[in-house]
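Novice: Residue numbers (my numbering), protein chains in the order written: chain A, 63 to 263; chain B, 63 to 263.
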DNA sequence: CGCGTAACATAACAACTGTTACGCAAAGTC
DNA sequence: GACTTTGCGTAACAGTTGTTATGTTACGCG
């Protein structure tokens, strides 16, 4: 056998190059040559490790989902209930460069899923899993009996995280990490401090 | 003078074709030929009314922003304070096909603005204006003195609307209009029914 | 009734795209 | 040391892209 290389490592490096290109140029700037340049290799190497562009994109998406899930898994198992909830929520915010990159790419993938039924299915599954996880964390963190509108509260929290993340990566100057944390703190307070909707419709 | 046409109307029709293409195919599917097909004309006609692709995109974006602003203007001036707030918020949610289209296109433009300083500036201005408008509406709707965390509450509301809209257009089946309205109701209740943050950090 | 110009359509152009084929180097086996 | 196979670079290919140039139509004025 000739020289051996770590194929898994190569594929990861190329997927990370995909992330960088998507984050900087968007989906319409995602060309094989741009990825090759970002990865410091040639298009021939890309086609050697991936059948076609679609396979490269699928791997890049899958790897990102896996990394995010792993990080959340760790955070969701340590600390008190309210601390676990908060730390997991912060993982969905672009508080540093790494998460900023992830969120931009994630948003692009999410929008791209709209025109690809296969991607949409994967996204829907991941989203449902995310909702379930946050529901459990919110339930554990509640200092009072489970309210009847828990379902809506969690969906509101998820939406707030996604929207805040999207706005923050679009205009980072207007959404410094402190502001993001304050908004999250306020929202968590409202959710966890109001026992039942004294609704004013 | 030869036959006269309403150039403004033509430009609007072409911009609306841009919206449809972006909503269905994304930014990387936005080609002049695709727009021409969607508009029922030829690429020659597109280049006759717009210098280049960038000008076409700029017009499409500008027209969309103007239409959204006009609709909000009307809603923000009729009814009681809480009703105005709610109706304006609902304009940011994909509750029907028209707004679904707008929100998808808006999201694509927002992400695209990340790699174009000029677009980013326009987006930032529009976003700041949106925040200001909602701040006023929330202030009017509050049944108690202005809380110290009003700024964070409004940003949380805006984020919640954006995130909810994004998730809803991505997977409409999982976010029927009723669910969107319930989430909005719950969130508005939390904001308007809790006088001060009895914060549980 | 010409006829000039606004309002288009058609087509050619170079640049760029994903994909495929081909070539070569090097590391291990015999 | 010949030989095979993995690992990769180079280049050619057909298709698509935005842009430009060149026709062609038809309306309204004189």
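C-beta atoms are modelled at their ideal positions from N, C-alpha and C, and glycine is treated no differently. Note that this is a predicted model, so its numbers are computed, not measured.
Closer than 8 Å is the cut-off here; do at least three beta carbon pairs connect the region 110 to 123 of chain A with the region 77 to 85 of chain A?
Specialist: A contact exists between the region 110 to 123 of chain A and the region 77 to 85 of chain A.
Novice: By the 10 Å Cβ neighbour count, where 16 or more other Cβ atoms means buried, how is residue 71/A classified, buried or exposed?
Specialist: As a working mapping, residue 71/A is identified with position 9 in the first chain. Looking at its Cβ environment, which holds fewer than 16 other Cβ atoms inside 10 Å, residue 71/A is exposed.
Novice: List in chain order: all unbroken alpha helix (DSSP H) runs of 4+ residues lying wholly within the region 164 to 206 of chain B.
Specialist: 179 to 203
Novice: Provide the residue span of the alpha helix (DSSP H) that contains residue 124/A, from first to last.
Specialist: Your numbering for residue 124/A matches position 62 in the first chain. It spans 115 to 137 - the alpha helix (DSSP H) in which residue 124/A sits, taken as one unbroken run.
Novice: Could you pull out every residue in the same chain whose Cβ sits closer than 6 Å to the Cβ of residue 170/A, ignoring the five residues on either side in sequence?
Specialist: For this step, residue 170/A is matched to residue 108 along the first chain. Correct list, in chain order: 84, 89.
Novice: Classify residue 214/B as helix, strand or coil using the three-state DSSP reduction.
Specialist: For the purposes of this step, residue 214/B is taken as residue 152 along the second chain, with counting starting at 1. Looking at residue 214/B - three-state DSSP - the assignment turns out to be helix.
Novice: Which whole-angstrom value describes the C-beta separation of residue 157/B and residue 239/B, a residue pair presumed to lie in contact below a C-beta threshold of 8 Å?
Specialist: Counting from 1 along the second chain, the entry for residue 157/B is found at position 95. Counting from 1 along the second chain, the entry for residue 239/B is found at position 177. Rounded, the Cβ-Cβ distance is 5 Å, consistent with contact.
Novice: Using the Cβ count rule (16 or more neighbours within 10 Å means buried), how would you classify residue 140/A?
Specialist: Looking up residue 140/A in the first chain gives position 78. By the C-beta density criterion, residue 140/A is exposed, having fewer than 16 other C-beta atoms within 10 angstroms.
Novice: Take residue 98/A and list the residues in its own chain whose beta-carbon comes closer than 6 Å to its own, dropping the five residues that flank it on each side.
Specialist: For this step, residue 98/A is matched to residue 36 along the first chain. If we look at residue 98/A and ignore the five residues flanking it on each side, its Cβ neighbours are 104, 105, 108.
Novice: Any beta carbon from chain B within less than 7 Å of residue 151/A's own beta carbon?
Specialist: In the first chain, residue 151/A corresponds to position 89, counting from 1. Judged by the 7 Å Cβ criterion, residue 151/A is not in contact with chain B.
Novice: With a CB to CB cut of under 7 Å and the five nearest residues on each side skipped, what residues in its chain are close to residue 127/A?
Specialist: Position 65 of the first chain, counting from 1, holds the residue named residue 127/A. Within the same chain, residue 127/A has close Cβ partners 188.
Novice: Could you check what DSSP says for residue 75/B in three-state terms: helix, strand or coil?
Specialist: Sequence index remark: in the second chain, residue 75/B carries index 13 (1-based). In the structure shown, residue 75/B sits in a helix (DSSP, three-state: H, G or I).
Novice: Taking Cβ to Cβ, would you say residue 162/A is nearer than 7 Å to residue 111/A?
Specialist: Mapped onto the first chain, residue 162/A falls at position 100. Mapped onto the first chain, residue 111/A falls at position 49. Not in contact: residue 162/A and residue 111/A (Cβ atoms no closer than 7 Å).
Novice: For the alpha helix (DSSP H) containing residue 252/A, list its first residue and its last residue.
Specialist: Your numbering for residue 252/A matches position 190 in the first chain. Segment 239 to 255, the alpha helix (DSSP H) holding residue 252/A.
Novice: I'd like to know whether the C-beta atoms of residue 247/B and residue 216/B end up nearer to each other than 7 Å.
Specialist: The count along the second chain starts at 1 and reaches residue 247/B at position 185. The count along the second chain starts at 1 and reaches residue 216/B at position 154. Contact flag unset, no.
Novice: Determine the direct distance from the alpha carbon of residue 228/B to that of residue 234/B, and round the result to whole angstroms.
Specialist: As a first step, residue 234/B is located in the second chain; it is residue number 172 there, counting from the start. As a first step, residue 228/B is located in the second chain; it is residue number 166 there, counting from the start. The straight-line gap from Cα to Cα measures roughly 10 Å.
Novice: Mind checking residue 69/A: buried by the 16 CB within 10 Å criterion, or exposed?
Specialist: The count along the first chain starts at 1 and reaches residue 69/A at position 7. The residue in question, residue 69/A, is exposed, as its Cβ has fewer than 16 Cβ neighbours within 10 Å.
Novice: Looking only at its own chain, which residues have a Cβ that is under 7 Å from the Cβ of residue 204/A, when we skip the five neighbours before and after it?
Specialist: Residue 204/A sits at position 142 when you count from the first residue of the first chain. Cβ neighbours of residue 204/A beyond the five flanking positions: 254.
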